[in-house]
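Trainee: Numbering follows my numbering, with no gaps: position 107 of the sequence shown is 93.
Think of the CB as a built atom: it goes at the ideal place given N, C-alpha and C, for glycine as much as any other residue.
Please read all numbers here as calculations on a predicted model, not as lab measurements.
Here you go, one structure.
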Amino acid sequence: MHSPKINCLPTLAKTIEKAKSLPLPAERKEVLQRLIDYIQRKVDAKEELNLNFICTHNSRRSQFSQIWAQTAADYFGIPANCFSGGVEVTAFNERAVDSIKRSGFRVSKKGEENPTYFLFHSDEAEPIVAFSKLFDDPINRGDRFATVMTCAHADENCPFIPGAEERIPVRYEDPKAFDDTPQEADRYDERSLQIASEMFYVFSKISSPL
-13 MHSPKINCLP
-3 TLAKTIEKAK
7 SLPLPAERKE
17 VLQRLIDYIQ
27 RKVDAKEELN
37 LNFICTHNSR
47 RSQFSQIWAQ
57 TAADYFGIPA
67 NCFSGGVEVT
77 AFNERAVDSI
87 KRSGFRVSKK
97 GEENPTYFLF
107 HSDEAEPIVA
117 FSKLFDDPIN
127 RGDRFATVMT
137 CAHADENCPF
147 IPGAEERIPV
157 RYEDPKAFDD
167 TPQEADRYDE
177 RSLQIASEMF
187 YVFSKISSPL
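Rendered as structure tokens:
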């Protein structure tokens, strides 16, 4: 059993336990295996691990994925740099930000039009920096990374990602379909929790070299 390497904020710790307890269907385990294999190869080779999660607008699913992957990596003590990007710049959707806050992250905001958010999963850690950007934004790693495609549109309309060592599809349904409905908050939280569950599953499968 892996023991946590970070002291998560209290509400976030409860969300993580809930995410870890969710059953994972066999077909999703199959989808995630390529990502597990890539991470394990990098860890075994003692090479820097860089993951870039990509969705069209870099506003919901790719942001959730970056945040939860970085949190899971830190939780299990796997050195990783998790990024996100899109093929268009919009903003980190406020509904998704609210969901992340409900999960228990401490969040601060800088700017208005396309704000930069600083998210903390613990008192000791450096913040996870989140804002909408193109996949090749200078803040992201430009080479020796895996591209993780989180939506069908970006996967199909962005056939080549320069610098990527591997391209791995891990697609999620878009909670945007429930914007401005009574189900909005529940559906955003549901998608965030699904992504948390899967990222924690992925990193729980990684064996650190002795």
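Could you tell me the alpha carbon to alpha carbon distance between ALA58 and ILE64, rounded to whole angstroms?
Mentor: By one-based count along the sequence shown, residue 58 stands at place 72. By one-based count along the sequence shown, residue 64 stands at place 78. Cα to Cα, ALA58 sits roughly 8 Å from ILE64.
Trainee: When DSSP labels each residue in this structure, what does ALA111 get in the three-state scheme?
Mentor: Reading the sequence shown from its first residue, position 125 is the one you call residue 111. ALA111 falls in the coil class under three-state DSSP.
Trainee: Exposed or buried, which one is ASP60 when buried takes at least 16 other CB atoms within 10 Å?
Mentor: What you label residue 60 is simply residue 74 of the sequence shown in a count that begins at 1. So ASP60 counts as buried.
Trainee: Taking 8 Å as the cut-off, decide whether the C-beta atoms of PHE78 and PHE117 are in contact.
Mentor: Along the sequence shown, one-based indexing puts residue 78 at 92. Along the sequence shown, one-based indexing puts residue 117 at 131. Yes. Within cutoff.
Trainee: Given a cut-off of 8 Å on the beta-carbon distance, is the pair ARG46 and ASP160 in contact?
Mentor: In the sequence shown, the residue the question calls residue 46 occupies position 60. In the sequence shown, the residue the question calls residue 160 occupies position 174. Against a cut-off of 8 Å, the Cβ pair of ASP160 and ARG46 comes out as a contact.
Trainee: Figure out for me which residue from ALA31, ARG27, THR42 has the closest Cα to the Cα of CYS137.
Mentor: As a first step, residue 137 is located in the sequence shown; it is residue number 151 there, counting from the start. The shortest Cα separation from CYS137 among ALA31, ARG27, THR42 belongs to THR42.
Trainee: Considering only residues of the region 0 to 55, which uninterrupted beta strand (DSSP E) runs meet the minimum length of 3 residues and lie entirely inside it, listed in chain order?
Mentor: The qualifying runs are 36 to 40.
Trainee: Could you have a look at TYR187 and say whether DSSP puts it in helix, strand or coil?
Mentor: For this step, residue 187 is matched to residue 201 along the sequence shown. In this structure, TYR187 counts as helix in the three-state DSSP scheme.
Trainee: Please state whether DSSP places ARG127 in a helix, a strand or coil.
Mentor: On the sequence shown, position 141 is the one that residue 127 refers to. In the structure shown, ARG127 sits in coil (DSSP, three-state: anything other than H, G, I, E or B).
Trainee: Mind the definition here: the region 183 to 194 touches the region 19 to 34 only if three or more C-beta pairs lie below 8 Å; say whether that holds.
Mentor: With a cut-off of 8 Å, the region 19 to 34 and the region 183 to 194 count as touching, because enough Cβ pairs lie within range.
Trainee: Measuring only the C-alpha atoms, how far is ALA111 from LEU37?
Mentor: As a working mapping, residue 111 is identified with position 125 in the sequence shown. As a working mapping, residue 37 is identified with position 51 in the sequence shown. The straight-line gap from Cα to Cα measures roughly 19 Å.
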